[in-house]
Every structure is written in C-alpha cells, then in structure tokens.
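Worksheet: the structure to be examined is printed underneath.
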Amino acid sequence: MPSVYADTSFLQFKKVHCRNCYKCVRNCPVKAIRVINHQAQILEDQCILCEKCTLVCPQNAKEELNMIPRVHDFIQSGGQVIASLHPAYVAEFGTDSLPALTEALKKLGLSDAFDAAAGAYLVKTAYENLVEERAQETPTISSNCPVIVQLVQKRYPDLVPYLAPVLSVMQAHARYLKEQYPDARILSVSPCISGLAQMREADNYVDYVITFSELQEWLTAVQVQVAAPSNASPDADRDIRLSRIMAMSGGFTMAMHPSVHQRYLPACGIDSCKQILNEFMANPDSYSNCFLELNACPNGCIGGPSFRRTKTGLLHGLIRLQNASLYKGISNYKRDDFSAQSLTDVSRHYDTFVLRQQEAEASEEDIKKVLAQMGKFTPEDELNCGACGYNTCREKAKAVLAGKAEISMCVPFMRERQESYSNKIINVMPGILVTVDYQLKVIHMNQAARDLFDPLHKKELIGAPVSDLMDDYSLVNLISFDKNRSDDQIYLEDRKIYLERTLANDRKNQLILCVMKDITREMEEKLRIRKARNNAAAMADKLAAEQLKLVHQIASLLGETAADTKVAVEQLKRTILREDEDFDE
1 MPSVYADTSF
11 LQFKKVHCRN
21 CYKCVRNCPV
31 KAIRVINHQA
41 QILEDQCILC
51 EKCTLVCPQN
61 AKEELNMIPR
71 VHDFIQSGGQ
81 VIASLHPAYV
91 AEFGTDSLPA
101 LTEALKKLGL
111 SDAFDAAAGA
121 YLVKTAYENL
131 VEERAQETPT
141 ISSNCPVIVQ
151 LVQKRYPDLV
161 PYLAPVLSVM
171 QAHARYLKEQ
181 YPDARILSVS
191 PCISGLAQMR
201 EADNYVDYVI
211 TFSELQEWLT
221 AVQVQVAAPS
231 NASPDADRDI
241 RLSRIMAMSG
251 GFTMAMHPSV
261 HQRYLPACGI
271 DSCKQILNEF
281 MANPDSYSNC
291 FLELNACPNG
301 CIGGPSFRRT
311 KTGLLHGLIR
321 LQNASLYKGI
331 SNYKRDDFSA
341 QSLTDVSRHY
351 DTFVLRQQEA
361 EASEEDIKKV
371 LAQMGKFTPE
381 DELNCGACGY
391 NTCREKAKAV
401 LAGKAEISMC
411 VPFMRERQES
421 YSNKIINVMP
431 GILVTVDYQL
441 KVIHMNQAAR
451 DLFDPLHKKE
461 LIGAPVSDLM
471 DDYSLVNLIS
481 FDKNRSDDQI
491 YLEDRKIYLE
501 RTLANDRKNQ
511 LILCVMKDIT
521 REMEEKLRIR
531 KARNNAAAMA
541 DKLAAEQLKL
551 VHQIASLLGE
561 TAADTKVAVE
571 QLKRTILRED
581 EDFDE
C-alpha cells in the first residue's frame with residue numbers, strides 16, 4: 001500500500017533571490033540541488049534530508065512540512081495522540097525532564113508521552129542478535145539514522161544488503177506503542193526531519209513527525225512552559241536507561257553487549273560516513289567482522305539540525321545525556337532492562353530505490369564543450385575553486401549537462417568576463433579615468449589615461465604615486481574632509497595640457513575615482529579670446545587717451561582765443577563808453 005506521503009514535499013526552498021552564494025550546493029553532500037535562474041531547488045528524489053543546505057542558507061529560505069496543524073486538527077476531532085520522545089530530549093529539556101515534559105504535552109492535548117529509549121533498547125537488542133547470527137562473516141551497517149539509510153539507498157545501492165534489517169528507533173518505538181494503543185496515532189518528536197522519509201516506507205508506524213525546535217515553538221505559541229527538572233537527585237534515584245546513550249555518536253556501540261572478535265566502529269558526520277562507505281564499497285569482504293555505527297550528524301543526534309538551530313549547548317547536552325544514561329559514569333546493562341518490549345518485531349525490509357531522474361554519464365566531448373563555455377580550455381584553466389558548490393570544474397560541467405547547474409555559477413569565469421567587459425567599455429570611453437586608493441597610489445587606468453600620461457608606454461604607472469602624474473592637492477582635501485565630490489581644473493606643465501577633473505569618493509572601497517576631460521583646446525580658445533579682449537581693451541585705452549589729448553589741445557587753443565576776444569571786447573566797450581561821454585559833453 002503506497003504511503004499517504006508519497007507525493008508530499010518534505011523540504012524545499014522558498015522563492016528568494018539566491019544572490020550567487022551557492023552555499024547550499026557547496027554543503028549538500030549528494031548535490032541534490034538544482035539552480036535555475038538564480039533560484040535553488042531541492043531535488044527531493046535525490047535529497048537525503050540531512051538539512052545541511054537549509055542550515056547554511058543565509059536567507060533562511062527553508063520551507064519544510066509542518067505537521068503540527070495536522071496533529072492539532074486530529075486532537076480537536078477527538079483523536080488520541082501519543083508522543084514518542086527521541087532520547088535526545090534530555091539534552092534539550094534536562095536530565096530528569098520526562099515527567100514535566102509529559103505534563104506539558106498533555107496541556108497541548110496529547111494523551112501521553114513516552115521515552116523512545118524503549119525503542120532504542122529494541123533496536124540495540126536486534127543488533128546484538130544480528131551480530132551473533134552473522135558470526136563475523138558479514139559486515140553490518142547500522143540502520144538507525146534515516147539520513148545514512150537514504151545515503152546508502154540513493155548513492156551506494158550495492159551496499160543496501162549490508163544495512164541491518166532492523167527498524168530505526170523511531171519506528172521500533174512507534175510499533176511498540178501501536179501495540180499498546182492500537183487506536184492512537186503516534187507523534188515522533190525528533191532532533192531532525194529525516195524521520196519524515198521513513199513515513200514513505202512500507203514498514204511505517206509513525207503518523208506525525210515534528211522536531212524539538214517545532215515543539216518549542218508550539219509550546220511558546222500556546223504559552224505552555226516545561227517545568228525545570230531537578231538535577232540534584234543522585235544516580236541511584238534516577239531513571240537511568242543505558243539505551244538513551246544512542247543519542248550521541250557511538251551510543252549503540254556503548255549500549256550493546258560486545259561480541260567476541262567483533263569490531264564496533266562508530267563514525268559521525270556525513271563527510272566521514274561517505275569516506276567510510278567509499279572504502280567499504282571498494283572491498284566489503286575485508287570488513288566482515290565490522291559493525292559500522294554511522295550517524296550523519298556531528299556528535300550524533302544531539303548535534304542534529306534542530307539543536308543547531310536553537311543553539312543548544314553541546315557540552316551541556318552531552319553531560320545531561322550521560323547523566324540520564326550512564327550509572328556513575330559507566331555502562332550498566334542491568335539498568336537498561338525493557339524486557340516487556342522484547343516481543344515487538346523490529347525487522348525491516350528495504351524497498352529497491354530507483355532515482356526518478358538518473359544522471360546519464362556525460363561524454364568527454366560534451367564535458368569539454370561545457371568547460372569551454374566557462375572559459376576552461378586547458379587543465380590550467382580549471383581552478384577547481386569550489387565557489388560554484390562543486391569540488392571540480394568537471395563536476396560542475398557534468399551538473400550543467402544534467403540540468404542541475406548553470407554556466408553563470410562559475411564565479412571566477414563570470415567575474416573575469418564582467419571585468420573584461422567593463423574594461424572594454426572603460427577603455428573605449430573617450431573620458432580619462434584614473435582610480436586612486438586612499439594611500440594615493442594609482443590602482444587602475446583606462447587606455448585614454450595611459451595614452452595621456454605615458455604616450456610611449458615606457459612606464460609602469462599602476463602602483464605609482466598619483467602625484468607623479470598630476471596635482472594631488474584636491475584628492476588629499478577630498479579624503480581629509482570626507483567630501484563626496486570635488487571639481488577642479490589642472491595644468492600638466494610637461495604635456496602643456498589642461499584637464500578638467502571630477503573626483504568622486506568611494507568610501508566603501510576606499511577609492512577615489514578621477515574622471516578627467518582634456519580641455520586644452522577650450523582653454524587655448526579662451527586664452528586667445530582673453531588676449532584679443534585685452535588687446536582690444538588696450539587699443540581702446542590708447543585711442544581714448546589720444547582723443548583726450550586732442551580735446552585738451554583744442555580746449556587749450558579755444559581758451560587762448562576766448563581770452564583775447566574778451567580783452568578786445570572790453571577795450572571796444574570802454575572805447576564806446578568813452579565816446580558816449582564825449583558826445584554828452
């Protein structure tokens with residue numbers, strides 16, 4: 001019977017502009033991400049739900065299935081929900097927190113809550129029996145971590161026969177609870193969402209999966225607090241269960257009764273697990289007596305994504321977990337007795353998994369074509385910088401051919417192309433451009449500037465003091481007084497050239513952009529006009545002076561004539577008057 005979640009999306013990215021960071025691709029251990037038009041998309045048929053991509057996403061673009069509304073609706077309809085708490089809960093809520101946590105969950109409407117350490121006991125017992133049955137003749141890969149199981153199924157299908165045919169702790173405990181509460185639905189509270197993948201399997205006994213961080217949000221939303229546990233009780237009074245130790249790396253190895261001549265090899269972290277699987281796949285017969293306990297998360301389940309998001313202290317969590325698992329700091333198998341649960345069948349069957357979108361093997365010719373499009377024509381051109389998210393340029397080329405990546409994801413190529421394009425534009429522009437840093441050193445020049453300051457191209461101007469080229473007073477003033485812009489004109493004595501400058505202050509990059517224009521012709525024309533005007537003014541002054549001199553001369557002559565006339569008139573007047581007097585007499 002197909003799972004009701006067969007076509008449900010468990011994890012995806014929201015639609016945001018990815019800004020060319022490719023951190024999700026870089027951190028995805030199986031490269032199950034496609035980038036199309038600057039939008040990252042999770043290829044869910046290839047995804048192993050390790051959540052590394054969403055943990056590193058700077059835009060927090062995670063969009064995962066939230067089952068809390070479904071749980072709430074079922075409770076409101078009168079349904080019974082039982083919580084199965086992954087043993088990692090003690091790292092989050094405290095060593096003796098089970099009673100308080102159970103009470104808080106009941107306030108949310110759940111019927112009851114149980115420690116999944118009982119399921120861990122079933123699983124570790126099944127592992128012990130399996131190791132004894134195989135008698136060191138067949139290697140075994142642990143089956144508890146859903147991420148590792150999916151990794152083997154999707155990337156190492158030849159190793160599926162070595163997976164232990166045993167349910168995970170989540171499923172084993174859920175099956176046990178189903179036997180006890182046949183009418184109830186089981187809610188698994190987990191440190192990660194990878195358990196969702198198991199809900200698509202035929203051997204599924206879980207109805208809902210939520211993470212500890214989602215539980216915290218739920219409790220906060222309805223204002224329910226988990227009472228602080230008392231951690232002062234001595235070991236003798238605590239409910240210590242060794243199987244809880246499975247929540248940390250190597251926990252099953254610590255909890256299992258050792259078998260003679262059997263090697264128990266724990267490893268955590270997806271990269272380490274991949275390395276082990278690669279070595280194991282090369283020659284499985286060499287490891288016939290090995291039990292490989294693999295966990296995808298660093299430090300085990302208490303290092304899961306939920307804890308990393310809530311920033312739960314790792315050291316504090318390890319101490320809490322040991323206090324709840326180890327008796328006086330050592331493994332005490334007698335305090336881990338869940339004999340009543342031992343009748344529960346925890347066997348598991350693995351479906352043959354086939355990727356819906358198989359990546360065809362790319363031909364060497366096709367790879368070279370894609371490499372050429374990225375500007376990679378020789379092996380020396382292949383920087384293998386990893387900026388695109390892929391380890392090598394060839395891996396990136398294969399991803400392009402598979403439709404998972406774009407040419408533009410090659411950051412060095414796009415930067416080089418952009419710089420080349422920008423340089424071409426700058427070099428063909430008629431303006432003169434010089435870029436200077438805050439130490440007043442020349443760091444860039446366009447072709448027009450080179451031709452101006454070094455027409456014979458004999459000098460190395462990049463790195464030279466800008467004062468070697470032109471006056472730097474305005475640049476110093478711009479930096480000193482933190483101005484945005486300055487405009488001035490300068491004269492290059494050695495070149496007999498006038499320049500008009502616009503200086504722009506780029507504070508972010510601590511640069512001064514000097515955009516200049518040769519205004520020699522305009523200045524020479526202005527000087528010519530000014531000279532002509534000065535000459536005309538001088539000529540006008542000379543003419544005016546000469547005219548004034550002439551006026552003065554005429555005035556002088558007129559003044560002498562007028563005086564003589566006046567004397568003559570006076571004499572004539574006196575003569576007439578005298579004659580009148582003589583006539584009267």
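Counting in the UniProt record's numbering, the sequence shown tops out at residue 585, every number present.
C-beta: ideal position from N, C-alpha, C; glycine also.
Next on the checklist: Taking the alpha helix (DSSP H) that S331 belongs to, which residues open and close that run?
Outcome noted: Neither: S331 is in no alpha helix (DSSP H) and is coded neither H nor E.
Checklist entry - Where L151 and C514 are concerned, what is the direct C-alpha to C-alpha distance, given to the nearest angstrom? => result 57 Å
Item to check | Residues sharing a beta bridge with R291, DSSP | outcome: The sequence given here places Phe at residue 291; Arg does not occur at that position. Beta-bridge pairing links F291 to T140, Y264.
Item to check | Whole-angstrom C-beta distance between V147 and I48, which should lie under 8 Å | outcome: 5 Å
Next on the checklist: Distance check for G269 and Y473, CA to CA, integer angstroms please.
Outcome noted: 59 Å
Item to check | Whole-angstrom distance between N299 and Q358, CA atom to CA atom | outcome: Residue confidence is low: Q358 scores 48 on pLDDT, short of 50, so the model does not pin down where it sits. No coordinate-derived value is stated.
Next on the checklist: Helix, strand or coil for F93? Go by DSSP, reduced to three states.
Outcome noted: helix
Next on the checklist: In this structure, how does DSSP classify M445 when only helix, strand and coil are distinguished?
Outcome noted: strand
Checklist entry - Looking at the unbroken beta strand (DSSP E) that takes in Y491, where does it start and where does it end? => result 485–492
Checklist entry - Under the three-state reduction of DSSP, which class applies to Q12: helix, strand or coil? => result strand
Item to check | Sequence-distant residues of the same chain with beta carbon closer than 8 Å to E585, five excluded per side | outcome: Low per-residue confidence applies at E585: pLDDT is 48, beneath 50, and the placement is therefore not dependable, though the value from the model is reported in the following sentence. For E585, where only same-chain residues beyond five positions count, there are no Cβ hits under 8 Å.
Item to check | Contacts around Y121, its chain only, beta-carbon distance under 7 Å, and the 5 residues preceding and following it disregarded | outcome: S243, D336, F338, Q341
Checklist entry - Taking the DSSP output, what are the residues bridged to R34? => result Q41
Next on the checklist: Is it the case that the stretch 212–228 contacts the stretch 251–262, given that we only count it when at least three CB pairs across the two stretches are under 8 Å?
Outcome noted: no
Checklist entry - Where R356 and V436 are concerned, what is the direct C-alpha to C-alpha distance, given to the nearest angstrom? => result In this predicted model, R356 has a pLDDT of only 40, less than 50, meaning its place in the structure is not dependable; the value taken from the coordinates is given anyway. Spanning the two alpha carbons is a distance of roughly 56 Å.
Checklist entry - Between P191 and C57, is the Cβ-Cβ spacing less than 8 Å? => result no
Checklist entry - Nearest to H17 by alpha carbon, out of D112, S194, I193, H38? => result H38
Item to check | Residue nearest to I519 in terms of C-alpha spacing, selected from T54, K549, F10, L452 | outcome: L452
Checklist entry - Does the Cβ of M429 have 16 or more other Cβ atoms within 10 Å, making it buried, or fewer, making it exposed? => result exposed
Item to check | Test item: CB-CB of I245 and L314 under 8 Å | outcome: no
Checklist entry - Identify the residues that DSSP records as bridge partners of Y208: which are they? => result L187
Checklist entry - Can you name, in chain order, every residue of its own chain whose Cβ lies under 6 Å from the Cβ of N323, other than the five neighbours on each side? => result T95
Next on the checklist: According to DSSP, is N477 part of a helix, a strand, or is it coil?
Outcome noted: helix
Checklist entry - For R175 versus Y156, is the C-beta distance shorter than 8 Å? => result no
Item to check | Three-state class that DSSP yields for C21 in the structure shown | outcome: coil
Checklist entry - Which one or two residues does DSSP pair with D112 in a beta bridge? => result I82
Item to check | CB-CB length for residue 645 against F10, believed under 8 Å | outcome: Residue coverage of the chain in this structure runs from 1 to 585, which leaves residue 645 outside it and unanswerable.
Checklist entry - Going by beta carbon distance, what residues of the same chain come within less than 7 Å of L163, once the five residues before and after it are set aside? => result I141, S143, V149, V152, Y350
Item to check | Reduced DSSP category for L163 - H, G, I as helix; E, B as strand; rest coil | outcome: strand
Checklist entry - Do V81 and A184 come within 8 Å of each other at the CB atom, strictly closer than that value? => result yes
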